[in-house]
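Enquirer: Take a look at the following structure, please.
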Amino acid sequence: MKDFPQHVKGTIDFFSSRVSLFQEITEVARKILKFFGYEEIILPILEESRVFLKVGEFTDIIEKQMFKIEGRDIVLRPEGTAQVVRFFVENKLWKEKEFHKFFYIGPMFRGEKPQRGRLRQFHHIGAEALGSNFPFLDAEIIKIASDILKELGIKDVKLKINSLGCQQDKEILRKRLKEKLKDKKEKLCSICQKRLDKNPLRILDCKEKRCQEIVKEINIGDFLCNSCQKHFEKVLHYLDKLNISYIYSPTLVRGLDYYTHTVFEITSSHLGSQDACGAGGRYNSLVKSMGGPDIPGIGFALGIERVILLLKEKKKVSHSKVFVAYTPGYFDKAVEILNFLREKGIPSQINYLEKSLKAQLRFSHKIGADFVVIVGEEEVKNNFLTLKNMKKSLQERVSREELLSKIC
Ligand code: HAM
Numbered sequence: 000m001k002d003f004p005q006h007v008k009g010t011i012d013f014f015s016s017r018v019s020l021f022q023e024i025t026e027v028a029r030k031i032l033k034f035f036g037y038e039e040i041i042l043p044i045l046e047e048s049r050v051f052l053k054v055g056e057f058t059d060i061i062e063k064q065m066f067k068i069e070g071r072d073i074v075l076r077p078e079g080t081a082q083v084v085r086f087f088v089e090n091k092l093w094k095e096k097e098f099h100k101f102f103y104i105g106p107m108f109r110g111e112k113p114q115r116g117r118l119r120q121f122h123h124i125g126a127e128a129l130g131s132n133f134p135f136l137d138a139e140i141i142k143i144a145s146d147i148l149k150e151l152g153i154k155d156v157k158l159k160i161n162s163l164g165c166q167q168d169k170e171i172l173r174k175r176l177k178e179k180l181k182d183k184k185e186k187l188c189s190i191c192q193k194r195l196d197k198n199p200l201r202i203l204d205c206k207e208k209r210c211q212e213i214v215k216e217i218n219i220g221d222f223l224c225n226s227c228q229k230h231f232e233k234v235l236h237y238l239d240k241l242n243i244s245y246i247y248s249p250t251l252v253r254g255l256d257y258y259t260h261t262v263f264e265i266t267s268s269h270l271g272s273q274d275a276c277g278a279g280g281r282y283n284s285l286v287k288s289m290g291g292p293d294i295p296g297i298g299f300a301l302g303i304e305r306v307i308l309l310l311k312e313k314k315k316v317s318h319s320k321v322f323v324a325y326t327p328g329y330f331d332k333a334v335e336i337l338n339f340l341r342e343k344g345i346p347s348q349i350n351y352l353e354k355s356l357k358a359q360l361r362f363s364h365k366i367g368a369d370f371v372v373i374v375g376e377e378e379v380k381n382n383f384l385t386l387k388n389m390k391k392s393l394q395e396r397v398s399r400e401e402l403l404s405k406i407c
């Protein structure tokens with residue numbers, strides 16, 4: 000097989016249902032972005048490498064992951080924000096009007112080590128608003144991303160949010176981190192040891208336990224100046240007004256160095272280790288650092304391939320309806336299983352009428368359950384669950400870990 004050409008590792012051939020899902024996602028996104036007043040732009044896939052230096056020289060995307068055209072200072076774009084800012088500054092668009100809203104849909108390229116949800120060519124739906132530092136805009140941009148996911152039927156996601164403060168706040172925090180951690184360098188993971196010199200903020204959101212332990216007392220919130228603190232409070236206030244729930248995540252930093260003030264990620268437990276299906280934030284210094292005036296910006300990007308994974312997950316689970324049955328005395332254990340299934344997005348029911356197991360099984364037929372999970376004395380004693388497949392009239396013993404793969 001190896002003698003014949005194959006797709007490049009970390010790329011995906013889109014065909015059949017994947018094409019339909021791609022179209023469904025982009026149609027919904029276009030409709031919502033236009034509704035909010037965003038104008039579509041189609042920018043080149045090729046850019047000068049220096050466009051992305053402002054993304055942060057010491058971020059992985061720039062240091063190791065850019066696909067460079069051999070012999071030229073040209074790369075395949077790794078992301079859209081710096082590119083939109085390049086376009087904005089090159090065309091001096093602030094002279095036309097003081098506020099601009101753009102969106103783009105297209106492929107991005109990063110030479111990352113491929114794994115589930117982490118590709119070398121993937122697609123962004125991105126939005127960028129340039130010209131305002133108004134905190135309502137931060138909340139609105141998050142609303143647009145979450146409306147797109149909601150309209151697609153993806154509900155089981157979490158919004159994590161933080162503020163990094165302005166460039167000055169970030170600089171103070173950087174210095175403080177260097178001072179605080181210099182004696183503990185040896186105890187950090189090897190990646191964070193390098194980050195300590197170049198990009199210490201990233202240590203704060205390292206996934207390694209030992210690094211988390213070392214930085215656990217450092218709170219970015221303590222480093223925000225008054226005005227950045229107020230800005231962030233207003234953003235949270237407007238999120239409340241827009242009925243968007245959030246998780247304040249004081250260690251959220253994000254991999255791109257241009258961010259200031261608000262940063263956020265939208266994550267799902269169905270995505271595994273690469274759990275963000277979208278992310279974004281403010282970049283109030285980027286326009287200036289690219290040669291334009293002091294104009295603030297904010298935006299987000301959704302990763303289409305990860306949204307596709309979530310849609311597939313949703314379709315999988317929405318097929319099975321589960322009824323959790325129990326023998327007298329085992330209601331509490333059954334509730335544990337019921338809650339576990341519901342948290343995984345599987346519609347599950349239980350008996351509220353203290354009926355016998357036989358009566359519960361009759362009821363499960365009436366409500367058209369696809370599966371019944373039985374919890375009783377034997378199951379609890381021997382640490383298994385009885386799973387009845389009602390369509391196939393099959394019954395088997397499964398562990399809690401196996402349950403999901405049998406049902407989905
Ligand atoms: P990002 O977090 O690098 O942000 O990418 C946004 C989303 O793209 C991620 O949440 C993820 O869903 C998806 N994504 C990123 N890398 C990969 C990959 N290797 N394979 C598959 N999907 C991936 C940005 O790029 C910023 N430009 C977002 C932004 C816009 N900030 C402000 N405006």
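As numbered in numbering that gives the first Met the number 0, residues 0 to 407 make up the sequence shown, in order.
Positions of the beta carbon are idealized from the N, C-alpha and C atoms, including for glycine.
(1) Do the CB positions of Ile307 and Leu118 come within less than 8 Å of each other?
(2) Among Glu62, Phe299, Leu187, whose alpha-carbon lies nearest the alpha-carbon of Phe263?
(3) Rounded to the nearest angstrom, what separates Thr10 and Gly105 at their Cα positions?
(4) From which residue to which residue does the beta strand (DSSP E) around Thr261 run?
(5) Can you tell me whether Arg173 is helix, strand or coil according to DSSP?
(6) Could you compute how far the alpha carbon of Ile40 sits from the alpha carbon of Tyr257?
(7) Please classify Ser162 as buried or exposed, where buried requires at least 16 neighbouring CB atoms within 10 angstroms.
(8) Between Phe101 and Glu46, how many whole angstroms is the CB-CB distance? I'm expecting something under 8 Å.
(9) Would Cys210 be called buried (16 or more neighbouring beta carbons within 10 Å of its own) or exposed?
(10) Note the first and the last residue of the continuous beta strand (DSSP E) segment covering Val397.
(11) Just to confirm the assignment: which complete alpha helix (DSSP H) runs, minimum length 4, are found wholly within the segment 318-393?
(12) Quick one: is Asn436 buried, meaning 16 or more other Cβ sit within 10 Å of its Cβ, or exposed?
(13) Could you pull the start and end residues of the beta strand (DSSP E) that Leu45 belongs to?
(14) Within 7 Å: the Cβ of Phe329 and any heavy atom of ligand 1?
(15) I need the boundaries of the beta strand (DSSP E) containing Arg281, first residue and last residue.
(16) Rounded to a whole number of angstroms, what is the C-alpha to C-alpha distance between Ile297 and Asp59?
(17) I think Leu402 touches Val372, with their Cβ atoms under 8 Å apart; what is that distance to the nearest whole Å?
(18) Is the separation between the beta-carbon of Lys159 and that of Leu251 shorter than 8 Å?
(19) Distance cutoff 8 Å, beta carbons only. Does Asp182 sit that close to anything in chain C?
(20) Can you tell me which of Lys8, Met107, Lys357, Lys206 puts its alpha carbon nearest to the alpha carbon of Gly302?
(21) Return the chain-ordered list of same chain residues with a C-beta closer than 8 Å to the C-beta of Gln273, the five sequence neighbours on each side being excluded.
(22) Between the Cα of Ala275 and those of His123, Ile190, Gly110, Ile31, spot the shortest distance and give me the residue it belongs to.
Expert: Judging by the given coordinates:
(1) no
(2) Phe299
(3) 14 Å
(4) Start and end: 259-266.
(5) helix
(6) Rounded to whole angstroms, Ile40 to Tyr257 spans 22 Å at the Cα level.
(7) Classified as buried, Ser162 has 16 or more neighbouring CB atoms from the shown chains inside 10 Å of its CB.
(8) Between Glu46 and Phe101 the Cβ distance is about 16 Å, and since that is not below 8 Å, they are no contact.
(9) Around the beta carbon of Cys210, a 10 Å sphere encloses 16 or more other beta carbons of the protein chains shown; the residue is thus reported as buried.
(10) 393-397
(11) 330-342, 356-365, 376-381
(12) Summary: the structure shown does not reach residue 436, with the chain confined to residues 0 through 407, and so no result is reported for it.
(13) Element bounds for Leu45: 45-47.
(14) The residue you asked about is not Phe; residue 329 is Tyr in the sequence shown. False, no ligand heavy atom lies under 7 Å from that Cβ.
(15) Annotation for Arg281: the continuous beta strand (DSSP E) segment containing it runs 275-281.
(16) 22 Å
(17) 7 Å
(18) yes
(19) In the displayed structure, chain C is absent; only one protein chain is listed.
(20) Nearest of Lys8, Met107, Lys357, Lys206 to Gly302, Cα basis: Met107.
(21) Cβ within range, chain order: Gln114, Arg115, Gly116, Arg117, Arg305.
(22) His123
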